[in-house]
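Student: Chains as they are written, first to last, in my numbering: chain A, 390 to 1036; chain B, -9 to 199; chain C, -11 to 306; chain D, 2 to 186.
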Amino acid sequence: MTAPITADPEAVPPEARPAVRELHDQLERVWSDGPGLRGWLMSTDHKSLGKRYVITAFVFFLLGGLEAAVIRAQLARPENGLIGPDLYNQLFTMHGTTMMFLFAVPVMTAMSLYLVPLMIGSRDLAFPRLNAYGYYVYLLGGLFLYTSFFLNVGPDAGWFAYTPLSGPAYGVGKRVDVWAQTITFTEIAGIIAAIELIVTIFKQRAPGMSLNRMPLFVWSALVMAFMILFAMPWVAVDSQFLAMDRLIGTHFFNQAEGGDALLWQHLFWFFGHPEVYIIFIPALGFVSTIIATFTRREIFGYPAMVLSLVATGFLGFGLWVHHMFATNIPQMGESFFTAASAMIAIPTGVQFFCWIATIWGGRPRFATPFLFILGFFAVFIIGGLSGVMIASVPFDLQVHDTFFIVAHLHYVLLGGGVFPLFAAFYYWFPKFTGRRLSERLGRWNFTLFFIGVNLTFFPMHLLGLHGMPRRVYTYLAGTGWGSLNLLATIGAVTIFVSVVIFLVNVARTLANGELAGDDPWGSSSTLEWATSSPPPSYNFAHLPVVEGRYPLWSRPQEPPVVTGLRTDQRELLITTVLDARPDHRHRTPDPTIWPLLAALTTGITFVALVFTPWAIVIGGALAIGPLVAWGWGKPQPGDPVVTEGVE
Amino acid sequence: MSERESVRVAGEPGSIDVSGLPSTTFGHRTITWWGTIGFMAAEGMTLIICAVAYLYVQRNFQVWPPRETPLPSLTAATIQVLLMAVSVPVMMWTSRAARRFDLGGVRVGMLTSTGFALAFCVVRWFELHALHTRWDSNAYGSTAWAVVFAHATLLIAQFFESAALSALLLVGPVEPKHFSDVDDSCLYWYFMTGAWLVLYLLVFISPRV
Amino acid sequence: MRDWLQSALRPAGPEAASVHALWEFMLWTSVVVFVLVLGALAWGTLRRRPAGADPLAEGGPGERRMTGAVSTAVGATVVVLFVFLVFDFSTGRALTARREAAVRIEVTGHQWWWEVTYYDSIPNRRVTTANEIHIPVGRPVLIRLNSQDVIHSFWAPDLNGKRDLIPGKESSLWIQADSPGVYHGQCAEFCGYQHAKMAFLVVADRPADFARWYASQADTARTPTDSLTARGQEVFLSSPCVMCHAIQGTPAGATMGPDLTHLASRRYIAAGSLPNTRGNLAGWILDAQGIKPGAHMPPNSLTPADLQALLAYLGTLK
Amino acid sequence: MMGRKLRGAVALAAALAALGCQRETRRFRESPPAATSETAVSMSELVPGPKTRDLPIRNPYERNAYAVSEGERLFNAYNCSGCHSHGGGGIGPALMDDQWIYGSDPENIFSTIVEGRPNGMPTFRGKIPNYQVWQIVAYVRSLSGLLPKDIAPARDDHMVAGPEPQRTEPLRPKHAFTPAAAEHP
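#1: Just to check, is the beta-carbon of A:V886 closer than 8 Å to a non-hydrogen atom of the ligand SAM?
#2: What's the gap between the Cα of D:Q136 and the Cα of D:R74?
#3: Measuring straight from C-alpha to C-alpha, what distance separates C:P2 and A:L636?
#4: I need the DSSP call for A:V768, collapsed to helix, strand or coil.
#5: Could you name each continuous alpha helix (DSSP H) segment of 4 residues or more that falls completely within the segment 76 to 138 of chain D, going from the start of the chain to the end?
#6: Roughly how many angstroms lie between the CA atoms of D:P107 and A:A458, to the nearest whole one?
#7: Excluding the 5 residues preceding and the 5 following A:A1038 in the sequence, name in chain order all residues of the same chain whose CB lies nearer than 6 Å to its CB.
#8: Just confirm the distance between the C-beta atoms of C:H183 and A:R860, as a whole number of angstroms; I'd bet it's less than 8 Å.
#9: Tell me where the beta strand (DSSP E) around A:P971 begins and ends.
#10: Can you name the residues of chain B whose CB is closer than 7 Å to the CB of A:E646?
#11: Under a Cβ-count criterion, where at least 16 other Cβ atoms within 10 Å of its own Cβ denotes burial, should B:P60 be classed as buried or exposed?
#12: Say whether chain A places a C-beta atom closer than 9 Å to the C-beta of B:W135.
#13: Beta-carbon of C:P128 versus every beta-carbon of chain D: anything under 9 Å?
#14: Given a cut-off of 9 Å, decide if A:L696 and A:P736 are closer than it, judged by their beta-carbon atoms.
#15: Tell me whether the beta-carbon of D:S70 lies closer than 9 Å to the beta-carbon of A:V496.
#16: Specify the secondary structure class of B:L64 as computed by DSSP and reduced to three states.
#17: Are the beta-carbon atoms of A:V526 and A:G992 separated by less than 9 Å?
#18: Could you check whether the Cβ of A:V561 sits closer than 9 Å to any Cβ belonging to chain D?
#19: Report buried or exposed for A:G530, applying the criterion of at least 16 other Cβ atoms within 10 angstroms of its Cβ.
#20: Counting only the same chain and skipping the five closest in sequence on each side, list residues whose C-beta sits under 7 Å from that of A:Y442.
#21: Measure the alpha-carbon distance for A:A969 versus B:I21 and round it to whole angstroms.
#22: Give the single residue among A:P984, A:T757 and A:S872 whose Cα lies nearest to the Cα of A:W833.
#23: Ordered along the chain, which non-local residues of its own chain (more than five positions away) have a Cβ less than 8 Å from that of C:P24?
#24: Using 9 Å as the threshold, is the C-beta distance between A:G661 and A:H712 below it?
#25: Evaluate A:I444 with the Cβ neighbour count: other Cβ atoms within 10 Å of its Cβ, from every protein chain shown; 16 or more gives buried, anything less gives exposed.
#26: Helix or strand or just coil, what does DSSP make of C:W100?
#27: State yes or no: is the C-beta of C:P287 within less than 9 Å of the C-beta of C:Q296?
#28: Just to confirm the assignment, what range does the beta strand (DSSP E) spanning C:I131 have?
#29: Just list the residues that DSSP pairs C:I257 with in beta bridges.
#30: Could you give the DSSP three-state label for A:Y927: helix, strand or coil?
#31: Check each residue of the segment 531 to 550 of chain A: if its Cβ is closer than 8 Å to any Cβ of chain D, include it; give the result in chain order.
#32: Nearest chain D C-beta to A:H931 closer than 9 Å, yes or no?
#33: Starting from C:Y171 and walking both ways along the beta strand (DSSP E), at which residues does that stretch end?
#34: What is the DSSP secondary structure of A:P933, reduced to helix, strand or coil?
#35: Which of the three DSSP states is assigned to A:V459 in this structure?
#36: Might you give, ordered along the chain, the residues of its own chain that have their beta carbon closer than 7 Å to the beta carbon of A:L471, omitting 5 neighbours on each side?
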């Protein structure tokens, strides 16, 4: 009898249909979220939470975009009186904080949390309850920041919050405290996502998916997760230091009592630079996946690609000082960081050349995801080249903290993050929802976005070279910056229109879009396309067995599968780290409300921590109940129970 | 029973049957072990960053600890180190008991560890006083407190984990996976005590040399 | 070419010129790299392919050619980066070479203006001014930077790159102007509400002019010669002005705001945001917050007669 | 349905914005009366008609963290710290304790600053705009914990003298000298 990967009765011969249907019903009973609101709140399914995570992050993207729109409107002409410096400072701080902490990193981890278990052929993440907790902590952090913003407690010291401006003496009120605690929320969520991904990727790959057969996206998610694990604690601790300076009078950053304003910058950028690669590396994974599908050939140079990803991950930690060239650090140190910053161009270059070779050797198909990938090439290369330029200390001292840097970072982050992300949205939307986004609107979306991004940010290079500093709420008419700024604002309007088109596309597709089928692109290579769209709660009726890097290409008919996992309770197959040989079966916990409640107590703790240090004690006490209940759990019928002396 | 033997080849070529695989294992074979390692990495980074801050601000002082601040007293911190050194063999014994599925053994082990963790927390209170400075005195005080307090959060968390696990083992129902949890808790214990040894050398010993 | 107020692409001193040369090299290298990479991409994407062949089934010689091409491209990247590093390090060394300072100036950042003090071994020859730095043409000038409050950054793009002013950590920067002129500069590190309006001027004078300027600045303020300006001085000394500003030679000696001893000799007020005209000065005195919201200059309510007298007095402070 | 939800959300956002923290407002532009530099407090107890208790003056700046921090800045800028140190006292009395020679109410401190007091406290009449005096008043009161903690300033970037206002326990004012005005029932 054929054991199917999908439990789609249509896909099997008629005589096998009742058995498949029965299997589907059984697995659905065990794995689906419960009914109604209760089931929704208790869900621990990586797909339900992953979707919420992506949508939440995208909503923050829209909010951050609106803030950027107001900023651009204010700067459209010299001496504009639309908003004053106070609101402007809050807006650009909110824009930076939102985009970096609430959108870019979360959306990348969210996509990974959704896709990785499907791509490696597993039923769920390693710690589903922890995943739910991480999502809710992130959500609460974002809500906290925006509630504060509407209450006029929006942070106003920049997303980088340099001391002493953000310190107790100059950061008046509770605005910076809100920022510091928001950071802690999102860092906790990020670290949790990282641990989920690392463990899931190491231990839950389908049998046969040895490390050298892992899809490149999974590799990039793994590298991203390790970077998060080692980078995010820096800013979490740094922001807690700042909060303590402000709340209980510590002197971490008070020069007069032996503290150091530069300590803040070192700790911040030791996180802040890897942060950029945390955003960029999963995007590289999107690019590799999408290029393989739309050229219908293997990515050229798989080992070089993997080594480049890992090298980028390592080098990413050696660059932080290039954000601090203007702070009078010894020249020897500067030279080292210049060299390291330039060297990171090599692994990136390797990947680009391999992709171009892949496209050359393949047969490109110009669907919307591939268009966005082409856009990624053009935009990111400009950002990468200006990045090599500012690795040079003398040149950086001219353009540091000017609009040249604004241009550079938006070229890098939009080119290296958002273009691949849009490609990924278009590519995986059918998998998420079962419906395919309109290609016609997609092409409009792409064209306007591409034009808008270049129109907005290219002039900023010139503005920076001609002396316009960043973070200025206005500028005088005599500076000559007016017309380029107006051009940039027109570009911003174009981006706005293109994002609206995307939203329209999504809304129309959800209402009555074309049904996608399991594999709408026809040439996908990774395992998520082996199951139905959207995937069932249990992902695969039988877990697949992998025999190559591109499992759907190597044996599309009658793929080998795993049998023998229990279907009457949630069970995962755990495999070995290197070769993915089946090792043991793991009983994974059922849905529960406790992660949500534990997240709420965490939220209460951090919000209260803005006002009183006793919040730690209060929050700790509140958290004990949910945490114990979370871990305790009742064994279900069929679970083994140990009694005295029994082995 | 080797892993190889338990995987049988099912009907389809290449397909495999995993029903014979065990459902409880220990150590690096389990995902909780890896999860624990992940949290150890994140918390270890936190401690490292506090230590980095401590060393960084040291450059701003001509004498360390600064003038008028006495050296931290050694008594409490040394007792802590000795206490931890004693606790490690106990946890190693508990870990072996867990791997034998010896319910009596792990009950004794986890109750002892709860006691140890509580003792660590109490001694930590005296260690903080032994710093002879306040967090708001100067950057020395702030960073020294940061290092010791950051490690204290590990102790407090471990106390609650040990207590909860002990309660679970006593009240039940005990599942086989809980033995694996006890084993992971022992792993975390080694990390926690090892980390303190380094931080003890940093905060209590290094200002003396 | 647009008339830019300040620009890194219009070097007026040796430091800015060497950075500009580096920039030109990097720009053209980047343009070449960009064209080559996107050209390769375009060719790879659009080239004609044999009909019907499935790329999955292909392999063999194509793969070997691709390996060669990718390796060459990576090798070329390494070479370009190496050349870049050599150029960069030699530029960096030139910028930090030790020189004999003709003039030493201490610049202190304040929210949101620049205090400028000229160092002289004779204490009463030291000159304090604000937001306008005069330097002699063709001579290296050492600027020592410090901050009173938060981090600022000193940047006159026509002359040199920027340097942060970090409270408690003195830093320094060399500037030199090749020809006489007025060069604009601005704070480049976000420092609060009026970061946008924290500009300054570097005025490069011929050495003789510089010496004359310096001598006049070292003088105390003129004593009023007529009743109107005498009244103006009285207004100044009896109003909130005196709480923050100093005028050497009068009892006013506060250092919270800019030193006004030679206010009328400066081209701008309000840290480069307003040309120093009588009307602007009047507006600034009455309602500074309308011009620089958040700045530390309070509004003043003066009778029209007092205001006119004050303006007349301030106008004499050449 | 969608429309109603949207309206609800907008209403909620508007309500939140209206609730917006008074603590966090930054008002840069003071209205002309506040910007004048005359005293608003009468020093004379002689009033026409029957003797009445003055309405206690509410210092509008005490609810606003920015104003209090401005008070702190001005306290140092105008060299109040020259005599009162950073609240610890020196030539002038300490301000971070519970001893108030001339009263701890905002109006008392206001007139202390504007009118001066015997034995050394100079008059700042005409030298400090009214709104700045009120800001300084708010800061001075924060030194002895008389302001809510979430409004009082945190530690300064200076050497520490004592706990910052934010963590000062409220000290019940002990008036060494009670002004006549406060005696009325």
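In this text, a Cβ means the ideal position worked out from N, Cα and C, and glycines have one as well.
No experiment lies behind these values; they were computed from the predicted model shown.
Tutor: Well, looking at it:
#1: No copy of the ligand SAM occurs in the structure displayed, which carries no ligand at all.
#2: One-based indexing of the fourth sequence puts residue 136 of chain D at position 135. One-based indexing of the fourth sequence puts residue 74 of chain D at position 73. C-alpha separation (whole angstroms): 10 Å.
#3: Looking up residue 2 of chain C in the third sequence gives position 14. Looking up residue 636 of chain A in the first sequence gives position 247. Linking C:P2 to A:L636 through their CA atoms gives a straight-line distance of about 48 Å.
#4: As a working mapping, residue 768 of chain A is identified with position 379 in the first sequence. Reduced to three states, the DSSP call for A:V768 is helix.
#5: 81 to 85 and 107 to 116
#6: Translated into positions along the fourth sequence, residue 107 of chain D becomes position 106. Translated into positions along the first sequence, residue 458 of chain A becomes position 69. Going by the C-alpha atoms only, they are around 44 Å apart.
#7: The structure shown does not extend to residue 1038 of chain A, since chain A spans only 390 to 1036, so no value can be given for it.
#8: In the third sequence, the residue the question calls residue 183 of chain C occupies position 195. In the first sequence, the residue the question calls residue 860 of chain A occupies position 471. At roughly 6 Å, the Cβ-Cβ gap stays under 8 Å, so C:H183 and A:R860 are in contact.
#9: Position 582 of the first sequence, counted from the first residue, corresponds to residue 971 of chain A. Note, A:P971: beta strand (DSSP E), P971 to R976.
#10: To locate residue 646 of chain A, count along the first sequence from 1; it is residue 257. In chain order: N128 and A129.
#11: As a position in the second sequence, residue 60 of chain B is number 70, starting the count at 1. Label assigned to B:P60: exposed.
#12: Mapped onto the second sequence, residue 135 of chain B falls at position 145. Chain A contact via Cβ: present.
#13: For this step, residue 128 of chain C is matched to residue 140 along the third sequence. So no, C:P128 is outside the interface.
#14: The residue given as residue 736 of chain A occupies position 347 in the first sequence. The residue given as residue 696 of chain A occupies position 307 in the first sequence. It is a contact, given that the beta carbons lie within the stated cut-off.
#15: Numbered from 1 along the fourth sequence, position 69 holds the residue referred to as residue 70 of chain D. Numbered from 1 along the first sequence, position 107 holds the residue referred to as residue 496 of chain A. In this structure, A:V496 does not lie closer than 9 Å to D:S70 by Cβ.
#16: Taking the second sequence and counting its residues from 1, one reaches residue 64 of chain B at position 74. In this structure, B:L64 counts as coil in the three-state DSSP scheme.
#17: Indexing the first sequence from 1 puts residue 526 of chain A at position 137. Indexing the first sequence from 1 puts residue 992 of chain A at position 603. Closer than 9 Å, so yes.
#18: On the first sequence, residue 561 of chain A is found 172 positions in, with the first residue counted as 1. Chain D, which has a Cβ nearer than 9 Å to the Cβ of A:V561, makes this yes.
#19: As a working mapping, residue 530 of chain A is identified with position 141 in the first sequence. Label assigned to A:G530: buried.
#20: As a first step, residue 442 of chain A must be located in the first sequence, where it is residue number 53. Cβ neighbours of A:Y442 beyond the five flanking positions: P495, A499, L502 and Y524.
#21: Stepping through the first sequence from its first residue, residue 969 of chain A is reached at position 580. Stepping through the second sequence from its first residue, residue 21 of chain B is reached at position 31. It is roughly 13 Å from the alpha-carbon of A:A969 to the alpha-carbon of B:I21.
#22: Along the first sequence, one-based indexing puts residue 833 of chain A at 444. In terms of CA proximity to A:W833, A:T757 leads the group A:P984, A:T757 and A:S872.
#23: For this step, residue 24 of chain C is matched to residue 36 along the third sequence. Note on residue identity: the sequence assigns Leu, not Pro, to residue 24 of chain C. For C:L24, same chain residues with a beta-carbon under 8 Å away, outside a window of 5 residues either side, do not exist.
#24: Taking the first sequence and counting its residues from 1, one reaches residue 661 of chain A at position 272. Taking the first sequence and counting its residues from 1, one reaches residue 712 of chain A at position 323. For A:G661 and A:H712, yes; Cβs fall inside 9 Å.
#25: Here the question's residue 444 of chain A lines up with position 55 in the first sequence. A residue is called buried once 16 or more other Cβ atoms fall within 10 Å of its Cβ, and A:I444, having fewer, is exposed.
#26: On the third sequence, position 112 is the one that residue 100 of chain C refers to. Coil.
#27: Here residue 287 of chain C refers to the residue found at position 299 when the third sequence is read from its first residue. Here residue 296 of chain C refers to the residue found at position 308 when the third sequence is read from its first residue. Taking 9 Å as the Cβ cut-off, C:P287 and C:Q296 do not qualify as a contacting pair.
#28: Against the third sequence, residue 131 of chain C aligns to sequence position 143. Taken as a continuous stretch (DSSP letters only), the beta strand (DSSP E) holding C:I131 covers V129 to S135.
#29: As a position in the third sequence, residue 257 of chain C is number 269, starting the count at 1. According to DSSP, C:I257 bridges with C:L262.
#30: Taking the first sequence and counting its residues from 1, one reaches residue 927 of chain A at position 538. If DSSP states are grouped into helix, strand and coil, A:Y927 belongs with coil.
#31: T536, F539, L540, N541 and V542
#32: Here residue 931 of chain A is taken as the residue at index 542 of the first sequence, counted from 1. It does not; no Cβ of chain D falls within 9 Å.
#33: In the third sequence, counting from the first residue as 1, residue 171 of chain C sits at position 183. Here the beta strand (DSSP E) through C:Y171 covers G169 to C175.
#34: Counting from one through the first sequence, the residue named residue 933 of chain A turns up at place 544. DSSP places A:P933 in strand when its eight states are reduced to three.
#35: Residue 459 of chain A sits at position 70 when you count from the first residue of the first sequence. Here A:V459 sits in helix by DSSP.
#36: As a working mapping, residue 471 of chain A is identified with position 82 in the first sequence. A462 and Q463, listed in sequence order.
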